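As given, the protein sequences belong to chains D and F, one line each in that order. If you're matching positions, the first sequence starts at 0 in numbering that gives the first Met the number 0 and goes up one per residue. If you're matching positions, the second sequence starts at 0 in numbering that gives the first Met the number 0 and goes up one per residue. Glycine included, each C-beta is placed from N, C-alpha and C at the ideal position. All values reported here derive from a predicted model rather than from experimental measurement. This report concerns only the one structure given below.
2 protein chains.
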Amino acid sequence: MIKLRDLEYLTAIDKHKHFGKAAQSCFVSQPTLSGQLMKLEEQLGLQLVERHRRNVMLTPAGDQLVEEARKVLQAAGQFESCAKALLDPFAGDLHLGLIPTLAPYLLPHIMADLNTTLPNINFFLHENQTKVLLQQLDEGKLDVLILPYLVEMEKFESYQLFDEPLMLATPKSHRLANKKSLSLADLQDEKILTLADGHCLKDQAMGYCFSAGAKEDISFQATSLETLRHMVASGMGITLLPALAAQGNLASDTIHYGKFQAPVPIRGISLVIRPNYSRMQCVRAIVASVRKSLSDIIS
Amino acid sequence: MIKLRDLEYLTAIDKHKHFGKAAQSCFVSQPTLSGQLMKLEEQLGLQLVERHRRNVMLTPAGDQLVEEARKVLQAAGQFESCAKALLDPFAGDLHLGLIPTLAPYLLPHIMADLNTTLPNINFFLHENQTKVLLQQLDEGKLDVLILPYLVEMEKFESYQLFDEPLMLATPKSHRLANKKSLSLADLQDEKILTLADGHCLKDQAMGYCFSAGAKEDISFQATSLETLRHMVASGMGITLLPALAAQGNLASDTIHYGKFQAPVPIRGISLVIRPNYSRMQCVRAIVASVRKSLSDIIS
DNA sequence: CTTAATCATAGTTAAAGCCTATCAATTAAT
DNA sequence: ATTAATTGATAGGCTTTAACTATGATTAAG
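Structure follows, in structure tokens:
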């Protein structure tokens, strides 16, 4: 295998037409350059340089190969400068995965600061259900997930970002809408509207509801939080909504969002990465930025 | 300095996503590849590979650098295949220098066989006076000269090709035109037309003439053999012409070309190269070809 | 719980690259 | 003409490094 150093020696000889000077320009001794060049010639099986006492010149073969050598060295230089540019840990593309019940309500609160804090990171946003996101994270298609933490993620590395309370969304006219102090126990025997299977919010919300003695309304399953919200607004039932979704879009005339007393049902939003993920500095910056952005909103 | 082998390891990892298989494809042991790759990462200061037990993947930086690495390796491959192509000693460009009093009369006799014998050599022909040719040979602008040998060429390497007799060119009406047996002594007291200074033929021809007791006609100097020939044809005098020039273009009605008896004046045509010239096999083939071509013509 | 797979580590060896010192050949100068 | 300087090649020794084998640690799967 050709060595890049040898190509440097060759181009140096071409430039200086003088072994001593060429060696100096390569910061090696003259015998070193002389020897390496001879080895290269032997390896290629052809003479590259005509040696004369007073006068060194390249053979036609040497001339052609110097051209090729320059191309190789240029490519190598590009490799190195590319590596140098990549050295900035706070630059490059970053694929962020979020779940549908979080993305549209969270992103408006965090992207501004993320883009300010990490101006050289290009964020690509991917919205998918937890299972898909984990798969893609594992495959390397995604770099970072932001979603509710589940035990099945223990093989990954995760950072707690914030706890998002779940609120009770009811029609204004509902008996629970005007209750002074609301607790999970109040849900007993209520029928709860839910999202479709696959949304982790459904499992979490229904977990709380079941333990409170409420039941799932199996007559309909919403495919998104917004349809769910519309169903509540049109009086078809009540449901648990994440605080960010409740806060953002009030639909205030028709829906009442009730805060629970302690113990408040929550979902713990975490940032998840592969263990050994290469851009930890970047991850830490994201964690800090999101926590900061959320500290003002979740009180 | 980056090493090409490391780039191969990197691309192999990208291809196989598996250290063992990648190592196998590079014909090294897995620890070797593992270690070299780690060194490369350390050297660049950035992580290229995410290592997991079950799953190896490139970091975004690694992904980009694999692209660069491929370009470098491709350039290196081109270098090597170019060297391979140059391995054929009977291929490539060859710059041949000749003097004006020889080129137009010799080339028609030798080029056909040269092109047949060395089909992959591209001959570039350069016509100049001896002094210029020697300078250009020394500078490497020319590879091979074909010209009359002079002692000042002893620092070069030379191969005798053939002896070209000099003939006496006279008008048909000249007293020497019809002489049965012609010798140099017959030139005594004749005035000889000559070429301009700088043409080595002038010096050689006049050397013979002077020692025979002839004189130079200083009233005019021809800039080429053809003008010289025309001057003879128009009766302005006599001159010595090289046999090849006499043979080719007879101008037979008006000029008589006389052969000298022994000692025949000649110029010894040699092939001259730099000592240590790299393409000796090619040179030997040229020498053989020219000698063969000329053996039929100079008898 | 054990087995297999996979990447990292440790220790060793062989080769390669580099250095200093010196030689040989040539040119330039006294 | 002899000496001094230049220049590329050679010799011998040192250091680095790339390679190997053997082994360890961790995880996934049977």
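Check                                                                                                                        : Outcome
D/G19 classed as buried or exposed, judged by whether at least 16 other C-beta atoms fall within 10 angstroms                : exposed
Chain D contact for F/I296 (CB, 8 Å cutoff)                                                                                  : no
Option in D/D142, D/A244 and D/L224 with minimal Cα separation from F/M56                                                    : D/D142
Spatial neighbours of F/L106 in its chain, beta-carbon cut-off 8 Å, leaving aside the 5 residues before and after            : L97 and L124
CA-to-CA distance, D/E215 to D/F209, given in whole angstroms                                                                : 8 Å
Coarse secondary structure for F/M0, derived from DSSP in three states                                                       : coil
For D/M299, three-class secondary structure by DSSP                                                                          : Past the boundaries of the shown model lies residue 299 of chain D; chain D is included only from 0 to 298, so the question cannot be answered.
Rounded Cβ spacing between D/L36 and D/V48 (contact assumed at less than 8 Å)                                                : 7 Å
Identity of the residue in F/V271, F/A244, F/Q187 and F/R290 nearest F/L136 by Cα                                            : F/V271
Entirely enclosed beta strand (DSSP E) segments - the stretch 11 to 65 of chain F, minimum 3 residues                        : 48 to 50 and 55 to 57
Within 8 Å, strictly: CB atoms of F/I1 and D/F78                                                                             : yes
Beta-carbon proximity check, D/P264 vs D/P164, cutoff 8 Å                                                                    : yes
Residues that D/H51 contacts on chain F, provided the C-beta gap is smaller than 7 Å                                         : N275
Chain-order list of residues whose beta-carbon lies under 8 Å from that of D/V301 (same chain, five-residue window excluded) : Here chain D covers residues 0 to 298 and nothing more, so residue 301 of chain D does not appear.
Proximal residues of chain F, C-beta to C-beta of D/Q77 below 9 Å                                                            : E67, K70 and V71
Of the residues F/E67, F/Q23, F/H17 and F/G91, the one placed nearest F/R278, counting alpha carbons only                    : F/G91
Counted within 10 angstroms of its Cβ, other Cβ atoms place D/T222 as buried (16 or more) or exposed                         : exposed
Of the listed residues D/T10, D/I217, D/D112 and D/Q42, nearest to D/R290 (C-alpha basis)                                    : D/D112
Uninterrupted beta strand (DSSP E) stretches inside the stretch 61 to 107 of chain D (no shorter than 3 residues)            : 91 to 97
C-alpha gap between F/G34 and D/A75, whole angstroms                                                                         : 21 Å
Proximity to D/I285 [Cα-Cα], best of D/I12, D/T226, D/K16 and D/P118                                                         : D/P118
Backbone secondary structure at D/M307 - three-state DSSP                                                                    : Outside the modelled stretch of chain D, which goes from 0 to 298, sits residue 307 of chain D, for which no answer is possible.
F/R266 - DSSP class collapsed to helix/strand/coil                                                                           : strand
Reduced DSSP category for D/T116 - H, G, I as helix; E, B as strand; rest coil                                               : helix
Closest by C-alpha distance to F/N127, when choosing among F/S80, F/L181, F/S172 and F/L200                                  : F/L200
N- and C-terminal bounds of the beta strand (DSSP E) containing D/I237                                                       : Counting along the chain, D/I237 falls outside any beta strand (DSSP E), and DSSP gives it neither H nor E.
D/A287 vs D/M166 beta-carbon contact at 8 Å                                                                                  : no
Endpoints, beta strand (DSSP E) assigned at F/V143                                                                           : V143 to P147
Cα-Cα separation between F/A176 and F/T253, rounded to whole angstroms                                                       : 11 Å
Cβ pair D/D162, D/G267 closer than 8 Å                                                                                       : yes
As assigned by DSSP and simplified to three states, the class of D/D216                                                      : strand
Pairwise C-alpha distance: D/H17 and D/R53                                                                                   : 9 Å
Sequence-distant residues of its chain with Cβ nearer than 7 Å to F/V65 (five each side left out)                            : L9, T10, D13 and L57
Beta carbon proximity, F/L64 to chain D, threshold 8 Å                                                                       : yes
Buried or exposed by the 16-neighbour rule on C-beta atoms within 10 Å, applied to F/E189                                    : buried
Of the listed residues D/L85, D/A102 and D/H94, nearest to D/N121 (C-alpha basis)                                            : D/H94
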